[in-house]
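As they're listed, the protein sequences go chains A and B. Going by my numbering, the first sequence opens with residue 1, and the numbers climb by one from there. Going by my numbering, the second sequence opens with residue 292, and the numbers climb by one from there. Data first, discussion second: the structure below is written as structure tokens.
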Amino acid sequence: MSNEHVTEPEVNETQNVSPLDDFDTAETVSTAPVSDDSILDFDDDPLSATSVSKKSLVIFFLIDTSGSMKGKKMGELNTVMEELIPEIRRVGEADTEVKVAVLTFSTEVRWMYSTPIPIEDFEWARLRASGVTSMGAAFKELNHRMSRNSFLNSPSLSFAPVIFLMTDGYPSDDYKEGLRELQTNSWYKFGLKAALGIGQEANDNILAEFTGSKDTVVHAYSGGQLAQMIKIIAVTSSQIGSKSMTLSDDTNHELGEEDVFAAKQKLLGQQIQELVSTQTDGDDVPFDTGW
Amino acid sequence: MIELEIGQEVEMEFGGKAKVLSVIGSGGQGIVYLVRFNGQKWALKWYDINKMAKPAAFRKNLQNNINDGPPSNKFLWPKYLTKEAEDGTFGYIMELKPDGFDSFVDILNTYKLEIDPLTGRAVKRPVKFNTLGAMVTCVINIVNAFRQLHRAGKSYQDLNDGGFFINVNTGAVLVCDCDNIAPDGSNFGIGGKPGYMAPEIVRGIAQPNVQTDKYSLAVVLFKLLFRGDPMEGEKVVRDVCLTESSELKHYGQNAVFVYDPNDDSNRPVRGIHDNIIKFWRIYPDYIKDAFIRSFTTGITDPSKRIIENEWQKLFIRLRSEIIQCGCGRTNFSSMFIHQNEKTFKCPKCGMEFVTIGFSNRDYRTPLYLGCKFYSCEIIPESDDFSAVAGELVENKLKPGVLGIKNCSDRQWKAKMPDGVFYDIAPGKGFPVWQGLEIDFGEVKAQI
Chain A
1 MSNEHVTEPE
11 VNETQNVSPL
21 DDFDTAETVS
31 TAPVSDDSIL
41 DFDDDPLSAT
51 SVSKKSLVIF
61 FLIDTSGSMK
71 GKKMGELNTV
81 MEELIPEIRR
91 VGEADTEVKV
101 AVLTFSTEVR
111 WMYSTPIPIE
121 DFEWARLRAS
131 GVTSMGAAFK
141 ELNHRMSRNS
151 FLNSPSLSFA
161 PVIFLMTDGY
171 PSDDYKEGLR
181 ELQTNSWYKF
191 GLKAALGIGQ
201 EANDNILAEF
211 TGSKDTVVHA
221 YSGGQLAQMI
231 KIIAVTSSQI
241 GSKSMTLSDD
251 TNHELGEEDV
261 FAAKQKLLGQ
271 QIQELVSTQT
281 DGDDVPFDTG
291 W
Chain B
292 MIELEIGQEV
302 EMEFGGKAKV
312 LSVIGSGGQG
322 IVYLVRFNGQ
332 KWALKWYDIN
342 KMAKPAAFRK
352 NLQNNINDGP
362 PSNKFLWPKY
372 LTKEAEDGTF
382 GYIMELKPDG
392 FDSFVDILNT
402 YKLEIDPLTG
412 RAVKRPVKFN
422 TLGAMVTCVI
432 NIVNAFRQLH
442 RAGKSYQDLN
452 DGGFFINVNT
462 GAVLVCDCDN
472 IAPDGSNFGI
482 GGKPGYMAPE
492 IVRGIAQPNV
502 QTDKYSLAVV
512 LFKLLFRGDP
522 MEGEKVVRDV
532 CLTESSELKH
542 YGQNAVFVYD
552 PNDDSNRPVR
562 GIHDNIIKFW
572 RIYPDYIKDA
582 FIRSFTTGIT
592 DPSKRIIENE
602 WQKLFIRLRS
612 EIIQCGCGRT
622 NFSSMFIHQN
632 EKTFKCPKCG
642 MEFVTIGFSN
652 RDYRTPLYLG
662 CKFYSCEIIP
672 ESDDFSAVAG
682 ELVENKLKPG
692 VLGIKNCSDR
702 QWKAKMPDGV
712 FYDIAPGKGF
722 PVWQGLEIDF
732 GEVKAQI
């Protein structure tokens, strides 16, 4: 029989090669081998298999729920987010398990659920607006949770997360301090960052500080635009985030690390700008008028 | 015009209009719609030409493919082009996926999501092959489809798990997304899907061609049989986060097969890659060796990659080595006890299976009630792997007596216990016995 062909994987439990950069990964490859050496003592049904191992992608939504979001903005946002979930479900295909985590910030900072939820099971809990805009606190909380010991604890491989910030106003706390903390986080560094400013008050420069470039910042001035922009950013970023690098067309030389560094973030910027330029919805009444 | 509206009419190149009914799905290059054209329902793929490098050349290539027609009926081939819209956008229509086919992605996931129309909730429905025979037949069909395509001088370019529909009951295969197919040597901008792309494409030093198709085909076959990624093992998982540079490293510059016999740095990890660990124990050596070759020497030397004809022979052999035991256990002969040179034994119930040796193979084939052999196995010039030539059956008039029925259209000769060869006409049969010899013409067989 084929006893002699059985190859047991050698998984080294103790050795820990320093992983790429500083993703906090002390216990990365620590799955204990189960002892099943007897050839007939394992499920040898060639038709029974589990799903292929998937890479994990967490999409973080950081949503401003301060008092100024009250009314039409929040109503629009809640509706779009409900509609968005089924659209994101499709992007994972067989390779990626997509999860969603929603962090809201007003006077307080709060997660919608205590852990990222698989997109198949995710249900949007309608948000309400009140209080001030503690964006710095939100950045600190995000930094705290974007860790192998917390929200990014998938035992298998992960893609860098998608982080999508939506706000309509100027931070009421020291956002710079929060951002400085966040910027030390490797998941943030490699993550796909995009931001949406809602209405006149939102400051695109602050948003660009958060995303690292102006390309991934867009602005919505009306309800129709808000819906469009949220969809464009969320769908595009989760598509790019869940697919890994794609080849550029005009490469005539062997790619090096510098060629691919932040390739996804750049691609996201390009695609967002392309899509935004084709969608102009001027007929809507701006958020900030008619109050 | 990136997106079409429901109800919108799109003009076809040679007249008539296709009316958009609903969205079927979206991909990297565009969106697929359900449309009505000439009283029939079709799928319309509508391109986002902003994402195309050379839309005019792409359209011309599509036109050529439509004119050439599909290499075989295993392809959901582009049928008609639309007119170009004012802004240059266009699309093509193709036949719809027939009922009874599931996507390869669903098979890899082991389920598909169906939306309950009342609640809007997603419900999981299991998707798996019904029989081992259907699964191996599916593999043979995939390999054969690409053999036909490559023989026509074309390459698929973007071979990945999204490219197939599969009937899990029969193993029938339909190759879809045929719009990037191009003459070998040309490329209209598609790179491929990560994980399926040949390392030289990932590294940026080659464009898709027939040789890179062969690499991608090996990945598809590996995923189907071993249910995992051939390059994702310990080495890759240690990176925790698959950034662009780790992708370049693990799938391009330093791709290491999880079961590379000379490099154990990237073995599958228990708890994450359990499928691969399990199936590596099940498949026979000649299958594993073919994957080892594809993913070791085949990484750096594209000419060492397994050619489709070779895969086809290996999987036809694998199909002939499936044993269905009376106790219900169905597996490859590699998972039965090799009792002696000529007999296999079921490790579960102890039932023994005699084998038959064909003059055109250097391995013996197990016999069991219901086992079949095919035209290509007994006629040297035949490439027909789906026409049943013979089957092991029970004599309807003498219950308990097993024999081989001639299901082919040729006359055979078989040696009976009296030592004499008798003619066996199509539709007739003969008993299986210790000294049985069969003369199929050029190919002979012996118990």
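Note that CB positions come from ideal geometry on N, CA and C, so glycine has one too. All figures in this text were calculated on a predicted structure; none of them were measured in a lab.
Asked, Found
"Residue 321/B in three-state terms, based on DSSP", "strand"
"For residue 460/B and residue 389/B, the rounded distance between their alpha carbons", "14 angstroms"
"Burial state of residue 427/B, where buried means 16 or more other Cβ atoms lie within 10 Å", "buried"
"As assigned by DSSP and simplified to three states, the class of residue 133/A", "coil"
"Length-filtered (3 minimum) beta strand (DSSP E) runs lying within the segment 147-214 of chain A", "162-167 and 192-198"
"Which of helix, strand or coil DSSP assigns to residue 629/B", "strand"
"Run of the alpha helix (DSSP H) containing residue 533/B, from where it starts to where it stops", "No alpha helix (DSSP H) holds residue 533/B; DSSP gives it neither H nor E."
"Proximity to residue 157/A [Cα-Cα], best of 530/B, 553/B and 668/B", "530/B"
"Given residue 523/B as reference, the closest of 688/B, 485/B, 496/B and 718/B once Cα atoms are compared", "485/B"
"Proximal chain A residues relative to residue 404/B, where beta-carbon distance stays under 8 angstroms", "89 and 120"
"Neighbour list for residue 155/A in chain B, Cβ cutoff strictly below 7 angstroms", "562 and 563"
"Per-residue contacts from residue 278/A into chain B (C-beta, under 9 angstroms)", "293 and 341"
"Members of the segment 581-604 of chain B near chain A, C-beta cut-off 9 angstroms", "none"
"C-beta neighbour in chain B for residue 46/A, strict 7 angstroms", "yes"
"Expected contact under 8 angstroms - CB spacing of residue 548/B and residue 586/B to nearest Å", "4 angstroms"
"For residue 162/A, the nearest candidate out of 507/B, 385/B, 404/B and 532/B (CA to CA)", "532/B"
"Where residue 149/A falls, given that 16 or more other Cβ within 10 Å makes a residue buried", "exposed"
"Start-to-end residues for the beta strand (DSSP E) that takes in residue 697/B", "693-697"
"Test: residue 431/B CB closer than 7 angstroms to a CB of chain A", "no"
"Neighbour-count burial assignment, residue 466/B, 16 or more Cβ in a 10 Å radius", "buried"
"Local Cβ density within 10 Å of residue 351/B, reported as buried at 16 or more and exposed below that", "exposed"
"Residue 399/B burial status per 10 Å Cβ neighbour count (16 or more: buried)", "buried"
"Under 8 angstroms by beta carbon: chain B residues contacting residue 260/A", "535, 536, 538 and 539"
"Uninterrupted alpha helix (DSSP H) stretches inside the segment 465-521 of chain B (no shorter than 4 residues)", "490-493 and 501-517"
"In chain order, each beta strand (DSSP E) run of at least 3 residues that lies wholly inside the segment 605-681 of chain B", "613-615, 621-623, 628-631, 634-636, 643-649, 655-657 and 663-665"
"Span separating the alpha-carbon of residue 488/B from that of residue 469/B", "17 angstroms"
"Extent of the continuous beta strand (DSSP E) to which residue 265/A belongs", "That residue, residue 265/A, is in no beta strand (DSSP E); its alpha helix (DSSP H) goes 263-278."
"Straight-line gap, residue 152/A to residue 386/B (C-alpha atoms, nearest Å)", "43 angstroms"
"Chain A contacts made by the segment 480-499 of chain B, where a contact means CB separation under 8 angstroms", "480, 482, 483, 484, 485, 486, 488, 492, 493, 494, 495 and 496"
"Residue 429/B, buried or exposed, once every other Cβ within 10 Å from all chains shown has been counted against 16", "buried"
"Residue 550/B (DSSP reduced to helix, strand or coil)", "coil"
"Residues within the segment 80-111 of chain A neighbouring chain B, beta-carbon criterion of under 8 angstroms", "86, 89, 90, 93, 94 and 95"
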